[in-house]
Structures are given as C-alpha cells and as structure tokens.
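Novice: Numbered by the working numbering, the letters in the sequence shown go through residues 49 to 169 in order.
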Amino acid sequence: MTDPTTVARRYIELWNERTAGRRRELLGENWTNDASYVDPLMKGDGRDGIDALIAGVQQRFPDFKFTLIGEPNGYGDHIRFSWGLGPDGADSPIKGTDFAVLKDGRIRSVTGFLDQVPAGA
49 MTDPTTVARR YIELWNERTA GRRRELLGEN WTNDASYVDP LMKGDGRDGI DALIAGVQQR
109 FPDFKFTLIG EPNGYGDHIR FSWGLGPDGA DSPIKGTDFA VLKDGRIRSV TGFLDQVPAG
169 A
C-alpha cells in the first residue's frame, strides 16, 4: 500500500465511512496498531482514538464528505495529499493537507494542516 494515490484514497474512504464496524475494518487493514493523528484542532492515538475523531467529525458535519484534491505524492514511507470537506457537488468550504508516515505499508502517523476553515466551522 505504498502507492501515494492508493494510500490517500483509502484514507479518504475511511473518513467518509459512516458504518462503525466497517470503519474499524478499514483502520485494521490500513493503519498500524500504534497509529496516531494530530492536527491543529484534535489528536488521537491508536485505532480507537482515531476512530473516535472520525466519528466526531462526522457528527459535527453530517452532510459533508471528504474528497481528494489534486494528486497525492511522496517518497519512501512519506506521503502528502490535500483534501476538501463539504457537501456533495459544491466547492469544499474546509480544505487541508495531510502528511502520512507509513510503516510496513500501513499508516503509522498523520499530521494534518488546515488550509482553509471558514469562521464558525
């Protein structure tokens, strides 16, 4: 799973998955046990912590979906990609860029940056 586009697509799929059981399967398939996620607004450790973050974002933005923006790229075990969060069929009001570090082909850590966040989001 070291192809940057594949990693980024699976990452976006995870953040869009609303069924808790399937989300846990995706975490198990694509993330290490000791994975971590951090951005300016939240932090999660381990698959349980990351799952809780995703559920929280989905609860806060129930009608929004993540989309991949542009082409992911990377080298070695490091991948960079940009995403948008918004309603289907419209320009995403929230945008960011994430940097993932892989271990044995799975995501071990993600550091996220928020590139565009409207007031009150």
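A virtual CB, placed ideally from N, CA and C, is assigned to each residue, including glycine. For clarity, every value in this text was computed on a predicted model and none was experimentally measured.
Along the beta strand (DSSP E) that carries L133, what are the first and last residues, could you check?
Specialist: Counted as a single uninterrupted DSSP element, the beta strand (DSSP E) harbouring L133 occupies residues 126-134.
Novice: Which same chain residues, not among the five before or five after G69, have their C-beta less than 8 Å away from its C-beta?
Specialist: none
Novice: Counting along the chain, where does the alpha helix (DSSP H) carrying E77 start and finish?
Specialist: 68-78
Novice: Buried or exposed: where does D99 fall if 16 or more other Cβ atoms within 10 Å of its Cβ makes it buried?
Specialist: buried
Novice: If you follow the alpha helix (DSSP H) that G94 is in, where does it begin and where does it stop?
Specialist: Annotation for G94: the continuous alpha helix (DSSP H) segment containing it runs 94-108.
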